[in-house]
Amino acid sequence: MTRVRRQNDRAFDRTVNAFLIAVLLITLIPLIYVLAVSITPLGRTPSLLPTAASLAAYAELLKQPALIRALGNSVFLTLSGVLISMILTVCTAYPLSRPDLPGRKFLTGVILFTFLFSAGLIPLYLVIRDLNLLNTYWALLLHGAVSVYNLLVMKNFFQNLPESLEEAAKIDGASDLQVLWHIVLPLSKPILLTIGLFYAVTQWNSFFEPVLYLSDARMMPLPVVLRDILTGLNSAEYVESAATTTAPPDALKMAAVVLTTIPMLLVYPWIQRYFTSGTLSGGVKG
1 MTRVRRQNDR AFDRTVNAFL IAVLLITLIP LIYVLAVSIT PLGRTPSLLP TAASLAAYAE
61 LLKQPALIRA LGNSVFLTLS GVLISMILTV CTAYPLSRPD LPGRKFLTGV ILFTFLFSAG
121 LIPLYLVIRD LNLLNTYWAL LLHGAVSVYN LLVMKNFFQN LPESLEEAAK IDGASDLQVL
181 WHIVLPLSKP ILLTIGLFYA VTQWNSFFEP VLYLSDARMM PLPVVLRDIL TGLNSAEYVE
241 SAATTTAPPD ALKMAAVVLT TIPMLLVYPW IQRYFTSGTL SGGVKG
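The UniProt record's numbering numbers the first residue of the sequence shown as 1 and each following residue consecutively.
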């Protein structure tokens with residue numbers, strides 16, 4: 001009986017491994033193809049395994065003022081957005097994690113209500129317009145600055161911290177802000193980095209909100225300019241320089257995709273080891 005069970009377990013493991021390998025290939029092959037096309041020289045046919053390589057597409061893109069400006073806009077929006085979102089999330093999650101907060105259950109219910117129900121796009125646009133935030137970065141930074149999901153995960157993480165540490169600090173005369181700054185936040189590095197990465201990815205990939213709230217082309221972030229390159233709706237300065245490019249059009253498009261994904265690919269491995277402890281510890285209890 002035990003031998004049959006072990007054989008079944010091994011068969012199950014092989015099936016799972018084969019499935020995961022298939023998923024990996026389905027995910028990885030398009031990325032490899034994008035990278036291969038981006039280094040295809042002019043006059044060569046793009047293929048998964050190119051016989052020659054050229055960085056002309058990247059050199060051409062880095063000469064485009066519109067792309068460089070959009071890259072700077074995205075970096076500014078991402079750093080500013082993460083800073084604002086983390087401050088607001090921490091300052092909301094920590095009080096809600098304290099059992100002695102008056103009206104704690106009611107406040108949590110109100111916040112959860114906004115997670116389940118939304119007023120819709122048109123009322124939100126009217127609010128942004130009436131606040132005179134149209135065509136300003138504040139419309140992108142303040143809209144959705146706090147994710148209810150991230151807030152609840154961080155709140156649960158704070159609840160799982162040992163209460164004895166807070167009690168000992170208060171006996172020594174520490175205030176709530178001192179407890180938060182000197183005890184809670186240093187112990188919350190996994191959840192802070194995890195939630196910070198969530199906010200960074202969301203802000204970096206933001207596309208619809210800039211199109212909706214911004215009308216100045218010089219303020220557009222990288223995803224919008226990347227859309228223009230991929231669809232051919234390029235600005236006049238890009239079209240003029242693209243006429244004399246030494247890279248094929250497909251290589252330019254794929255190089256733009258690679259340049260957009262590189263920043264997140266560089267950040268993720270550094271934070272990946274905190275994902276398990278951050279998300280699991282934040283989801284243990286409600």
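Here a beta-carbon is modelled for each residue, glycine too, at the ideal position from N, C-alpha and C. From a predicted model like this one, the values you see are computed outputs, not experimental measurements.
{"query": "State the CB to CB distance for the pair L259 and L61, rounded to an integer number of angstroms; the pair is presumed to be in contact (CB under 8 Å).", "result": "6 Å"}
{"query": "Just how far apart, CA to CA, sit I84 and T45?", "result": "46 Å"}
{"query": "What residues in its chain sit with their C-beta under 7 Å from that of I122, if we drop five residues either side in the sequence?", "result": "none"}
{"query": "Rounding to the nearest angstrom, what Cα-Cα distance links P95 and L88 in this structure?", "result": "12 Å"}
{"query": "Could you tell me the alpha carbon to alpha carbon distance between Y33 and L24, rounded to whole angstroms?", "result": "14 Å"}
{"query": "Between P223 and F198, which are expected to be in contact by the criterion C-beta below 8 Å, what is the C-beta distance as a whole number of angstroms?", "result": "P223 to F198, Cβ: 17 Å. No contact."}
{"query": "Give the secondary structure of K105 by DSSP, where H, G and I count as helix, E and B as strand, and everything else as coil.", "result": "helix"}
{"query": "Within its chain, find whatever has a CB closer than 7 Å to the CB of T108; leave out the 5 residues flanking it on each side and keep chain order.", "result": "L96"}
{"query": "Rounded to whole angstroms, what's the CA-CA distance from L193 to L42? Just pull it up for me.", "result": "42 Å"}
{"query": "Restricting to Cα atoms, I'd like to know which of V201, S175, K105, A255 is closest to R227.", "result": "A255"}
{"query": "Could you tell me the distance, in whole angstroms, from the CA atom of L55 to the CA atom of V201?", "result": "27 Å"}
{"query": "Can P221 and N73 be called in contact, C-beta distance under 7 Å?", "result": "yes"}
{"query": "Check whether the Cβ atoms of A70 and V225 lie closer than 7 Å to each other.", "result": "yes"}
{"query": "Hey, could you find the ends of the alpha helix (DSSP H) F76 is sitting in?", "result": "65 to 97"}
{"query": "Below 8 Å CB to CB, which residues in the same chain sit around Q178 once its five sequence neighbours on both sides are set aside?", "result": "A169"}
{"query": "Which term fits F76, buried or exposed, when burial requires 16 or more other beta carbons within 10 angstroms of its beta carbon?", "result": "exposed"}
{"query": "Leaving out five residues before and five after residue 287 in sequence, what residues of the same chain have Cβ atoms less than 8 Å from its Cβ?", "result": "What the structure shows of the chain is the stretch from 1 to 286, and residue 287 is not part of that stretch, so it cannot be assessed."}
{"query": "Quick check on F113: buried or exposed, where buried means 16 or more other Cβ atoms within 10 Å of its Cβ?", "result": "exposed"}
{"query": "Let's see if you can read the secondary structure: which residues bound the alpha helix (DSSP H) around N150?", "result": "148 to 159"}
{"query": "So what's L49 in DSSP terms, helix, strand or just coil?", "result": "coil"}
{"query": "Does the distance from the CB of N150 to the CB of I183 come in under 7 Å?", "result": "no"}
{"query": "Using the three-state DSSP reduction, which class does I183 fall into: helix, strand or coil?", "result": "helix"}
{"query": "What's the call for R14, buried or exposed, on a 16-neighbour Cβ count within 10 Å?", "result": "exposed"}
{"query": "Counting only the same chain and skipping the five closest in sequence on each side, list residues whose C-beta sits under 7 Å from that of K155.", "result": "A93, L96, S97"}
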